[in-house]
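Asks:
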Amino acid sequence: MGKIKAAILGSGNIGTDLMYKLERSNVIELSALIGIDPDSDGLKLAYEKGYQVFSNGIQDLINHPDMAEIVFDATSAKTHLLHGPVLKELGKLAIDLTPAAIGPFVCPTVNLDPKIELSNVNLITCGGQATIPIVHAVNTVSDVSYAEIVATISSKSAGPGTRANIDEFTITTKRGIEEVGGADQGKAIIILNPAEPPILMRDTIYCEVKNMDQSAISNSIYAMVEKMKEYVPGYRLKQDPLFDENRVTVFVEVQGAGDYFPVYAGNLDIMTAAATRVAEVLAKEILHKKI
1 MGKIKAAILG SGNIGTDLMY KLERSNVIEL SALIGIDPDS DGLKLAYEKG
51 YQVFSNGIQD LINHPDMAEI VFDATSAKTH LLHGPVLKEL GKLAIDLTPA
101 AIGPFVCPTV NLDPKIELSN VNLITCGGQA TIPIVHAVNT VSDVSYAEIV
151 ATISSKSAGP GTRANIDEFT ITTKRGIEEV GGADQGKAII ILNPAEPPIL
201 MRDTIYCEVK NMDQSAISNS IYAMVEKMKE YVPGYRLKQD PLFDENRVTV
251 FVEVQGAGDY FPVYAGNLDI MTAAATRVAE VLAKEILHKK I
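Going by full-length UniProt numbering, the letters in the sequence shown line up with residues 1 to 291, in that order.
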């Protein structure tokens, strides 16, 4: 089986971490890292690794459209609103790691369909990738009427893109909780914790359910955690689910792989791991169609 060429837009924390994950893929061939700052660490590292590097943003992709079939956008929500139509015009499959929410929401363990015919896939948010699978797991057996998540990350793992997208994070994650997780109503909160030493990503998922079945809910949650571990090995429960009348609370911790950023940056790792999983599944389908 061959490989599908891909390029990354954005040479910040997420784009650089994604580069490390894609270079291990057996179906994705990373061809270029595209940024806007020629002195960024990401572009310097990509150059050292032998990848093509560009520093004029999406214009470089317009000038060299054959460099990739799949384009990962690791910039910002506002920037992707501009990139999305351009990538569609170029005929590229866009995998959006920003909370721009142009395309349909995808969580790999919940609703990834390899046969979907799309031009733009949205990965919601780091908090969404960590918590929506749990909401979905609870909802499949108990019907969630309300779900609230609190994502706590280290301040050091929140780069300029993350900080610029706080509003988009809460709005997009809320939508994901409802549209992908299945909750009737959702709410999302993000906390940037400046603690030293930096904390791991921690998420609290609170669900109110209509049909309480503690055994079924617990089994569904444990099964989902195992699915998550397939591509995010550092994903784990902090303790067993807590039950109180019609409420269940779940505590999750995400330790990063330490590819580019330290292991405390699980918020970066879960996004780049999800992006890699989605791209590989879709790339295999593209390759299959070419046979």
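Every residue, glycine too, gets a C-beta built ideally from N, C-alpha and C.
Check the DSSP bridge columns for residue 72 and list the partner residues they point to.
Replies: Taking the first residue of the sequence shown as 1, we reach residue 72 at position 72. Its beta-bridge partners are 8, 95.
Asks: Would you check if the distance between the CB atom of residue 4 and the CB atom of residue 29 is smaller than 8 Å?
Replies: Counting from 1 along the sequence shown, the entry for residue 4 is found at position 4. Counting from 1 along the sequence shown, the entry for residue 29 is found at position 29. Yes. Within cutoff.
Asks: Quick check on the DSSP output: the beta strand (DSSP E) that includes residue 244 runs from which residue to which?
Replies: Indexing the sequence shown from 1 puts residue 244 at position 244. Run containing residue 244: 242-244, per the beta strand (DSSP E) assignment.
Asks: Helix, strand or coil for residue 43, going by three-state DSSP, please let me know.
Replies: Position 43 of the sequence shown, counting from 1, holds the residue named residue 43. Reduced to three states, the DSSP call for residue 43 is helix.
Asks: Assuming contact is defined by CB atoms lying nearer than 8 Å, are residue 122 and residue 91 in contact in what I supplied?
Replies: For this step, residue 122 is matched to residue 122 along the sequence shown. For this step, residue 91 is matched to residue 91 along the sequence shown. Contact: no.
Asks: For residue 50, is the classification buried or exposed, using 16 other Cβ atoms within 10 angstroms of its Cβ as the cut-off for buried?
Replies: The sequence position of residue 50 within the sequence shown is 50, counting from 1. Label assigned to residue 50: exposed.
Asks: How far does the beta strand (DSSP E) with residue 183 in it reach, from first residue to last?
Replies: Looking up residue 183 in the sequence shown gives position 183. It is not in any beta strand (DSSP E) - residue 183 carries neither H nor E in the DSSP assignment.
Asks: Report the rounded CA-to-CA distance for residue 59 versus residue 82, giving the unit in angstroms.
Replies: Counting from one through the sequence shown, the residue named residue 59 turns up at place 59. Counting from one through the sequence shown, the residue named residue 82 turns up at place 82. Spanning the two alpha carbons is a distance of roughly 12 Å.
Asks: Counting pairs of Cβ atoms below 8 Å between the stretch 203-211 and the stretch 145-156, do you hit three or more?
Replies: Cβ pair count under 8 Å is three or more, so yes.
Asks: Below 8 Å between beta carbons: does that hold for residue 131 and residue 191?
Replies: Reading the sequence shown from its first residue, position 131 is the one you call residue 131. Reading the sequence shown from its first residue, position 191 is the one you call residue 191. No, the Cβ-Cβ distance between residue 131 and residue 191 is not below 8 Å.
Asks: Since residue 212 sits in a beta bridge, which residues does DSSP pair it with?
Replies: The residue given as residue 212 occupies position 212 in the sequence shown. Note: residue 212 sits in no beta bridge, so no partner.
Asks: From residue 247 to residue 232, what distance separates their C-alpha atoms?
Replies: Stepping through the sequence shown from its first residue, residue 247 is reached at position 247. Stepping through the sequence shown from its first residue, residue 232 is reached at position 232. If I take the Cα positions, the gap works out to 27 Å.
Asks: Can you tell me which of the three DSSP states residue 52 falls into?
Replies: By one-based count along the sequence shown, residue 52 stands at place 52. Strand.
Asks: Quick one: any contact between the stretch 161-176 and the stretch 93-100, if contact means 3 or more CB pairs under 8 Å?
Replies: Yes: the two stretches touch, three or more of their Cβ pairs being nearer than 8 Å.
Asks: Is the stretch 235-250 in contact with the stretch 172-188, if contact means three or more CB pairs nearer than 8 Å?
Replies: The stretch 235-250, when compared against the stretch 172-188, does not touch it at the 8 Å Cβ threshold.
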